[in-house]
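Structure first, then comments.
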Amino acid sequence: MNIIFLGKFRGKPVRYQIGHGWQKLLCMSGILSVLVAVAGTGFWWGFTAKEIIQLVELEDKIATEKALIEQTRIDAQSDLDALATHIGQMQANVTRLNALGQRLVAIAKLESGEFDFEHKPAYGGPSEPANAGTIDLNTVLSDLNEQLQSREQQLSLLEDVIMRSELIKEARPAGRPILKGWISSYYGKRTDPFSGKIEMHKGMDFAGKQGSDVIAAASGVVTWSGKRYGYGNLVEINHGNGYVTRYGHNDEILVKVGDSVVRGQTISKMGSTGRSTGPHVHYEVLLNDRQIDPIRFVQSKAEA
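So in numbering that gives the first Met the number 0 the end of the sequence shown lands on 303, straight run, no missing numbers.
In structure tokens, the structure reads:
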């Protein structure tokens, strides 16, 4: 087999024929080398292009991860700032509670040692050793929470003490049972205006204008509202702790049995019903079912 190459050289037709074996072998080797080179180049390019694509994808992933890490760092810093703000607010609340507690202790005139708001609550116990120089946020929050719970308990107990004190004070008769008028008769033995005999007067009489207000001397519950022998129209109020007050000779009664009344509330209008010589209120104070002299309660108005 002959191989003939046709071409042009300097504008003239050229013909080259390969007929010998060595020429054929050389030609085939050249062609094969070219094909191998082309194939190798294509393979190398395909492999290199794949690596380039993978490298680009890896760089994109790295950039994405960096962005996520940065965002996480920003979020973590934001959370830490918010936590620090929250801790600051909790500490401020503890300070305010301490100040409030100190004022309430002073107002209630209690022993400062019983409700101590100037120092941290006393507590202790063994603990595991912590890393030096580190701050445990859980410990900080636990400490603040314990302080808040302690202050809350102290304030709750203090509130109960103050409430009991206020209720006792409100339930203790104090002041006059009228807003306007004068004392017309005291507690003790006197000449009875009807019989002329010396008899025991177990209350105080306050005279005034017909129909003027009669007020409760202390807070309590109405246990009598109506006519009663000798008293005319009577209001009786139970104040607890053994105290009861009575208001007799009323022209009109404004409360009924079972009503809760407060100190200073108008309970009736002054009159002259029952065993009476003129408009006045017969005022009695009873302690454990026994009439006592109301004068010290009337004079204790400024202390009420």
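Virtual Cβ for every residue (Gly too), placed ideally from N, Cα, C. Small disclaimer: the values here were computed from a predicted structure and weren't measured.
Nearest-angstrom Cα separation, counted from residue j out to residue i
| i | j | result |
| --- | --- | --- |
| Q298 | S194 | 31 angstroms |
| P176 | D191 | 22 angstroms |
| I291 | M199 | 12 angstroms |
| N287 | Y228 | 21 angstroms |
| G87 | T265 | 51 angstroms |
| K268 | R289 | 26 angstroms |
| D310 | E145 | Outside the modelled stretch of the chain, which goes from 0 to 303, sits residue 310, for which no answer is possible. |
| V254 | G231 | 15 angstroms |
| A301 | R274 | Interpretation of A301 is limited by its pLDDT of 42, a score under 50 that renders its predicted location unreliable; the figure taken from the coordinates is listed afterwards. Computed Cα separation, rounded: 32 angstroms. |
| F296 | P278 | 22 angstroms |
| K201 | Y186 | 5 angstroms |
| T138 | A66 | 33 angstroms |
| S224 | Q209 | 19 angstroms |
| G270 | R262 | 21 angstroms |
Three-state secondary structure (DSSP) of residue i
| i | result |
| --- | --- |
| Q290 | strand |
| T63 | helix |
| S184 | strand |
| D191 | coil |
| G123 | Here G123 scores only 46 on pLDDT, less than 50, and its place in the model is too uncertain to base an answer on. |
| E258 | Rather than Glu, the amino acid found at residue 258 in this sequence is Asp. Reduced to three states, the DSSP call for D258 is coil. |
| L233 | strand |
| L178 | coil |
| G239 | strand |
| R72 | helix |
| T244 | strand |
| S299 | helix |
N- and C-terminal bounds of the beta strand (DSSP E) containing residue i
| i | result |
| --- | --- |
| T222 | 219 to 227 |
| A206 | 203 to 206 |
CB-CB length for residue i against residue j, believed under 8 angstroms
| i | j | result |
| --- | --- | --- |
| A170 | H238 | 4 angstroms |
| V260 | A215 | 5 angstroms |
| V220 | I236 | 7 angstroms |
| D250 | T276 | Actually they are not in contact, since the Cβ atoms of D250 and T276 sit about 15 angstroms apart, beyond 8 angstroms. |
| V234 | Y242 | No, V234 and Y242 are not in contact; Cβ-Cβ is about 15 angstroms, not under 8 angstroms. |
Beta-ladder partner(s) of residue i, from DSSP
| i | result |
| --- | --- |
| E251 | K268 |
| A170 | Beta-bridge pairing links A170 to no other residue. |
| V213 | I177, S267 |
| E145 | Bridge partners of E145: none, in fact. |
| L285 | V243, Q290 |
| I197 | T190 |
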